[in-house]
Amino acid sequence: VTSCNNSCEVFCEGIPLLEIEAFSCLVRFKSECKATDLRVIPFFTSWDPRNPDGIGNKLISVLAICCIVVAVPTRNSGKVVVNDEYQFEWTLAGDEMYFTVTAQTTGFVGFGIFPENGLDNEDVCIFGLSPNGTAYLDDYHSLQPSDPKILDTTDGGTVDWFLVEISEDGNATTTTFYRKLETGDDIFFDQPIYPGEMKLIWSYGEMDLEYFDNVTFNAETTGRFDVVLIEP
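The sequence shown finishes on residue 689 if you use our numbering, and the numbering steps up by one all the way, no holes.
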């Protein structure tokens, strides 16, 4: 069964178990939806081939429809071109937000969240592909974009940005990563991703940096912008 303009699929399997059928529906999003969800919905019901209109058969139909409803992809996705050097895309998948950033550099790239109240620390991740081919992504915090970036783990926090893939093509670096909307880490380290307008942070540099503590940015390679990641 397909729905969402053929952007997602539902697969149901039945396993005979005496007079009871055990069903499991797997909802898989295709790449057009830009989501990575896999949802399994198990259920049990009776099946009587001699009585197609029986209550058990109707229940199967209802549950199959429910699977399709679950499979409808989120509208909370989009793309922002910050400037000629930096752009990003995002997709909400359950309680996680996936980002893909493309920056015109083969050095480090930064992405982060500015606190809603303007008082707490910024939540920033720094990533890149080292000259030896080693990928890196680390979780940092700082008071302002121009302030030194400090590893969360240095001050007792946890790593809450996670790398999916990274590649370099010519002078551009493209990186996909994700983070939970609420990480559970102290707000001193991590800012929540919430519905409505948010301030995000972008940055990049010409060099890969093995250690980022006490490194600052200049105004030409960092900035902020407003965007709605999740519709209110």
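Glycine is no exception: its CB is placed at the ideal position from the N, C-alpha and C atoms.
Given the structure is predicted, the values throughout are model-derived calculations rather than measurements.
Taking 8 Å as the cut-off, decide whether the C-beta atoms of residue i and residue j are in contact.
i: residue 659; j: residue 538; result: no
i: residue 611; j: residue 622; result: no
i: residue 757; j: residue 657; result: This structure leaves residue 757 out entirely; the chain is present only between 458 and 689.
Measuring only the C-alpha atoms, how far is residue i from residue j?
i: residue 584; j: residue 561; result: 14 Å
i: residue 630; j: residue 652; result: 29 Å
i: residue 626; j: residue 600; result: 33 Å
i: residue 687; j: residue 615; result: 24 Å
i: residue 586; j: residue 643; result: 29 Å
i: residue 496; j: residue 549; result: Only weak support is given to the placement of residue 496: the predicted model assigns it a pLDDT of 38, under 50, and the question is left unresolved by the model.
i: residue 647; j: residue 580; result: 5 Å
i: residue 661; j: residue 655; result: 20 Å
i: residue 535; j: residue 684; result: 10 Å
i: residue 553; j: residue 588; result: 30 Å
i: residue 544; j: residue 624; result: 15 Å
i: residue 566; j: residue 558; result: 9 Å
i: residue 666; j: residue 679; result: 16 Å
i: residue 613; j: residue 649; result: 18 Å
i: residue 605; j: residue 547; result: 27 Å
i: residue 573; j: residue 689; result: 15 Å
i: residue 482; j: residue 551; result: Note that residue 482 has pLDDT 38, beneath the 50 cutoff, so the model's placement of it is unreliable and the number below is only indicative. Distance between the alpha carbons of residue 482 and residue 551 is about 18 Å.
i: residue 641; j: residue 595; result: 17 Å
i: residue 542; j: residue 533; result: 24 Å
i: residue 628; j: residue 578; result: 31 Å
Please report the Cβ distance between residue i and residue j, rounded to the nearest whole angstrom; I am assuming they are in contact, meaning their Cβ atoms lie under 8 Å.
i: residue 609; j: residue 637; result: No, residue 609 and residue 637 are not in contact; Cβ-Cβ is about 14 Å, not under 8 Å.
i: residue 564; j: residue 663; result: 5 Å
i: residue 635; j: residue 571; result: Incorrect: roughly 19 Å between the Cβ atoms, too far for contact.
i: residue 597; j: residue 607; result: 6 Å
i: residue 569; j: residue 582; result: 6 Å
- Message: So within the region 579-628, which uninterrupted beta strand (DSSP E) runs reach at least 3 residues, ignoring any that extend past its ends?
- Response: As far as the region 579-628 is concerned, its whole beta strand (DSSP E) runs of at least 3 residues are 579-586, 592-599, 619-626.
- Query: What beta strand (DSSP E) runs, 3 residues minimum, are completely inside the region 624-663?
  - Reply: Entirely contained in the region 624-663, the beta strand (DSSP E) runs reaching 3 residues are, in chain order, 629-637, 654-661.
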